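Letter by letter, the sequence shown follows residues 7 to 596 in my numbering. We put the CB at the ideal spot given by N, CA and C, even for glycine. This one's a predicted model, so the numbers in the text were calculated from it and none came from an experiment. What follows is a set of notes on a single structure, which appears directly below.
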Amino acid sequence: MDDRTGGTGDGHRTREAPDRGRWALAPAGGTRVRVCPLDARGRAAGAARTEESAAAAVRARPEVARWVWRATPQVQSELLAAGVRVARCYDVETAEALLLGHEGRAGDPRSLPAAWARLHGRPVPPDRPPEHLESDVPPSLFETGPVPLPDGVDPLEALLEVYAAQLDRTARAQHPDRMRLLLAGESAGTLVAGEMTRAGLPWSAEIHRELLAELLGERYAGNGLPRRLVELEEEISQAFGPGERVRPDLAAEVLQAFARAGIRLGSTRAWELRKVDHPAVEPLLRYKKLYRLYTAHGWGWLRSWVRDGRFHAAYVPGGAASGRWTTNGGGALQIPKVVRRAVVADPGHLLVVADADQLEPRVLAAVSRDPGLMTAASSGQDLYTVLSQRAFAGDRDRAKLAVLGAVYGQTSGDGLRHLAALRKRFPAAVSYVDDAARAGEEGRLVRTHLGRTSPPVGRGGEEGAEEEAGGTGPEAGTGVSGPPEGAPGSAAGAARARGRFTRNFVVQGSAADWAVLMLAALRRRLLPLAAELVFFQHDEVIVHCPAEEAPRVREAIAEAAEEAGVAAFGPTPVRFGFTTAAVECYADAK
């Protein structure tokens with residue numbers, strides 16, 4: 007890019023008029039940046055200018071509707087520190103990951119230098135692992151360790167070249183308009199993630215310490231376990247007999263102790279222990295629950311992650327294979343119910359906690375276009391109750407297990423009978439996930455409605471999806487997930503695991519599509535308010551707001567949910583609603 011001509015480096019100006027709503031921003035050394043307007047093809051449409059900082063550049067151009075930059079985390083921390091928020095952005099590295107996935111190359115390096123190298127036939131540098139954002143001081147602009155461009159390559163030139171190529175690739179996608187919407191939504195998600203990381207979830211360290219003392223007892227000097235765990239360890243050892251010394255946090259010792267008692271176990275998982283009649287089981291289950299609290303959200307966690315009355319998690323949009331968000335440490339997406347007592351609003355404020363109603367079956371109705379299921383999902387009533395009345399003689403639990411079994415691939419035992427009833431009433435919905443499973447078993451890719459694409463065979467995802475479906479999602483504990491059918495190491499077993507992954511992917515990935523569009527719509531509605539988005543987990547959001555804004559926040563959440571449903575899936579009768587509660591303490595929301 008030539009600062010004097012605003013051309014493409016060869017002294018010639020582009021002939022296309024600028025798209026005045028879109029500007030590019032790239033680093034220029036230190037905190038300085040270079041910016042320029044773009045045309046509809048993503049090319050420079052005017053002179054590049056150097057500004058002292060990204061904040062100065064954005065402040066000087068309030069009319070810009072969308073900023074195009076390499077990666078939001080490299081810019082946003084400085085913007086937020088300066089009190090600057092942008093309405094929209096296009097994150098080139100986020101877009102590159104989605105486009106690579108659509109092209110069957112998920113997992114290839116996604117950085118700007120990698121994309122530039124592919125365009126030029128150069129060696130492609132690997133991505134760097136994400137860094138933990140645990141510092142008390144927000145990282146300054148462009149100091150988060152991005153992969154560097156080759157010497158002599160201008161950052162703005164590289165950005166524009168890669169961006170223009172991405173627009174061309176998007177135009178060649180299976181459904182270009184849908185892919186553009188997905189890229190916009192995922193980019194908006196990066197803005198939400200950065201703002202939530204900075205704002206933090208209101209957290210009372212005092213209440214947290216009180217509940218730890220209540221549940222775990224006092225701590226002993228040094229690195230010893232708290233009193234209650236020590237007592238349970240002694241109780242467990244005594245249950246195995248005189249002279250036994252069993253450390254319950256070591257699975258091998260527990261299995262050996264049970265073996266000496268004549269009981270063979272394959273693991274120390276809670277569901278397997280509950281099948282055993284032995285006096286050590288009950289204290290062992292209590293120990294496991296408290297030990298998990300101690301290690302995941304104990305005093306060490308409190309010191310590391312909570313400061314100035316806020317829990318600052320580092321959110322990673324689309325971090326899971328399905329498109330669900332993850333966190334880079336801190337365990338924000340798995341806050342135990344008991345620990346939620348420490349999530350307390352500031353004085354004069356409320357937490358508006360919103361939980362999406364039966365999101366995955368509603369998504370299945372929308373993407374499959376099953377007439378019966380869409381009709382069932384067309385009201386604000388509990389969807390599982392409606393389904394139970396239509397196909398399961400009023401048994402809500404059976405209806406829920408049937409739907410989730412279809413999504414997660416439980417097709418044996420009771421699951422097979424439930425699935426047969428579901429197939430009879432809602433054949434298009436069941437065929438939709440069956441077709442996705444068959445594609446996975448045959449090694450083919452599957453896509454969500456917007457174009458989010460499953461990883462190819464051998465590129466990961468299968469194992470992560472199995473774990474995700476069984477333990478951390480909104481339906482965890484329903485009993486619909488299980489070990490893969492077939493020998494784990496066999497080709498048949500691998501194919502079935504892949505089929506279960508793609509069966510789940512088309513629903514869970516589509517739910518992730520809806521979620522980022524919902525977040526974008528909600529963020530836009532909250533911008534004029536003092537309210538802040540402070541938490542997001544798959545199908546749940548928390549907004550921290552002055553008490554008088556709570557009614558407006560409730561309305562904004564409902565409007566954002568419906569807007570996202572139409573945007574993601576087109577016009578359908580399916581309604582996407584939230585159950586909301588305005589509370590002072592997170593634990594009171596459920």
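Which one of the options has the shortest CA to CA distance from residue i?
i: residue 44; options: 163, 35, 84 and 246; result: 163
i: residue 561; options: 75, 265, 537 and 322; result: 537
i: residue 517; options: 366, 531 and 525; result: 366
i: residue 369; options: 582, 172 and 36; result: 582
i: residue 288; options: 256, 242 and 269; result: 242
i: residue 192; options: 508, 33, 35 and 456; result: 456
i: residue 247; options: 234, 268 and 257; result: 268
i: residue 154; options: 76, 588, 305 and 508; result: 76
i: residue 402; options: 412, 413, 389 and 411; result: 389
i: residue 344; options: 362, 217 and 509; result: 217
i: residue 83; options: 67, 59 and 101; result: 59
i: residue 323; options: 64, 101 and 36; result: 101
i: residue 68; options: 28, 97, 135 and 385; result: 28
i: residue 194; options: 377, 114 and 94; result: 94
i: residue 38; options: 54, 48 and 49; result: 54
Starting from residue i, follow its DSSP beta bridges and name the residues at the other end.
i: residue 584; result: 362
i: residue 340; result: In DSSP, residue 340 forms no bridge with anything.
i: residue 333; result: 321
i: residue 543; result: 546
i: residue 30; result: 42 and 74
i: residue 3; result: What the structure shows of the chain is the stretch from 7 to 596, and residue 3 is not part of that stretch, so it cannot be assessed.
i: residue 578; result: None, per the DSSP bridge assignment.
i: residue 459; result: 453
i: residue 356; result: 551
i: residue 538; result: 550
i: residue 589; result: 357
i: residue 562; result: Paired residue(s): none; residue 562 is not in a bridge.
i: residue 350; result: 591
i: residue 50; result: 44
If you count every other CB in all the chains shown that lies within 10 Å of the CB of residue i, and 16 or more means buried, which is it?
i: residue 278; result: exposed
i: residue 309; result: exposed
i: residue 293; result: buried
i: residue 232; result: buried
i: residue 108; result: buried
i: residue 180; result: exposed
i: residue 584; result: buried
i: residue 81; result: buried
i: residue 580; result: buried
i: residue 56; result: exposed
i: residue 282; result: exposed
i: residue 328; result: buried
i: residue 458; result: buried
i: residue 71; result: exposed
i: residue 314; result: exposed
i: residue 586; result: buried
i: residue 546; result: buried
i: residue 239; result: buried
i: residue 489; result: Note on residue 489: pLDDT 39, under 50, position unreliable in the model; the coordinate value appears next. With fewer than 16 other Cβ atoms within 10 Å, it is exposed.
i: residue 435; result: buried
Which stretch, first to last residue, makes up the alpha helix (DSSP H) that contains residue i?
i: residue 307; result: 305-311
i: residue 196; result: 182-205
i: residue 161; result: 161-177
i: residue 56; result: Unbroken run through residue 56 is the beta strand (DSSP E), 55-57; no alpha helix (DSSP H).
i: residue 384; result: That residue, residue 384, is in no alpha helix (DSSP H); it is neither H nor E in DSSP.
i: residue 391; result: 389-397
i: residue 446; result: 433-447
i: residue 283; result: Careful: residue 283 lies outside any alpha helix (DSSP H) and carries neither H nor E.
i: residue 80; result: 79-87
i: residue 237; result: 233-245
i: residue 519; result: 497-532
i: residue 409; result: 402-414
i: residue 65; result: 60-65
i: residue 279; result: 276-279
What are the start and end residues of the beta strand (DSSP E) that includes residue i?
i: residue 126; result: Premise fails: residue 126 lies in the alpha helix (DSSP H), 118-126, not in any beta strand (DSSP E).
i: residue 96; result: 95-97
i: residue 209; result: It is not in any beta strand (DSSP E) - residue 209 carries neither H nor E in the DSSP assignment.
i: residue 41; result: 39-44
i: residue 266; result: Premise fails: residue 266 lies in the alpha helix (DSSP H), 257-266, not in any beta strand (DSSP E).
The region 347-362 touching the region 544-562, judged by at least three CB pairs closer than 8 Å: yes
Cβ contact check for the region 433-450 and the region 499-513: 3 or more pairs under 8 Å: yes
Stretch-stretch touch, CB-based, cutoff 8 Å, three pairs: the region 197-204 with the region 527-543: yes
Three or more C-beta pairs below 8 Å linking the region 168-177 and the region 36-53: yes
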